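Quick note: the sequence shown uses my numbering, first residue 150, plus one each step.
Working notes, structure below.
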Amino acid sequence: MNWLGKRKAPIQQDTQVLDLDYLVDEFHAAMADIQDPLRVRLHAALMSCLSPRDLWFLRGKLFNLICKHHHEGEANRRLARLDAKLAFFVEHHPDYDADELPSKPMSLLH
150 MNWLGKRKAP IQQDTQVLDL DYLVDEFHAA MADIQDPLRV RLHAALMSCL
200 SPRDLWFLRG KLFNLICKHH HEGEANRRLA RLDAKLAFFV EHHPDYDADE
250 LPSKPMSLLH
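Below is the structure:
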């Protein structure tokens with residue numbers, strides 16, 4: 150933020166990580182090795198997401214899908230990567246605020 154209270158524009162190299170599609174791609178990567186009808190429905194839901202908050206509420210479905218086909222530890226590992234990208238996105242994107250995502254204790258709920 151600058152002294153006027155406005156966020157600085159992201160530098161060029163950050164442009165990709167500040168695109169919502171970058172987060173959607175992480176969802177797809179987290180379930181890429183899973184063949185399940187729920188994956189198709191989750192994909193359709195991802196296409197209608199308009200904000201990081203929309204994506205946040207699909208985390209539980211993604212977690213359950215990964216647990217079903219792998220194990221809880223693997224689901225936690227994959228979601229930790231997604232959570233890190235979500236947190237970076239809302240902290241650095243000029244149009245979103247970190248308050249749009251639930252607080253840290255809420256992140257433990259899947």
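Note that beta-carbon positions come from the ideal geometry of N, C-alpha and C, so glycine has one too.
Being a predicted model, the structure only gives us computed values, none of them experimental.
Going straight from the alpha carbon of residue i to that of residue j, what length do you get?
{"i": "F212", "j": "P201", "result": "17 Å"}
{"i": "P243", "j": "W205", "result": "18 Å"}
{"i": "H192", "j": "A224", "result": "17 Å"}
{"i": "D290", "j": "A247", "result": "The chain is shown from 150 up to 259; residue 290 falls before or after that span and cannot be answered."}
{"i": "M180", "j": "R190", "result": "12 Å"}
{"i": "R226", "j": "A233", "result": "11 Å"}
Between the Cα of residue i and those of the options, spot the shortest distance and give me the residue it belongs to.
{"i": "R208", "options": "S197, V189, H218, A229", "result": "A229"}
{"i": "E175", "options": "D246, G222, L195, V239", "result": "L195"}
{"i": "L231", "options": "D168, V173, Y245", "result": "V173"}
{"i": "Y171", "options": "G222, R226, C198", "result": "C198"}
{"i": "H218", "options": "Y245, L187, L167", "result": "L187"}
{"i": "D185", "options": "L167, C216, D203", "result": "C216"}
{"i": "A178", "options": "F238, E221, L214", "result": "L214"}
Assuming residue i is part of the alpha helix (DSSP H), what are its boundary residues?
{"i": "C216", "result": "208 to 218"}
{"i": "L169", "result": "169 to 179"}
{"i": "A224", "result": "221 to 241"}
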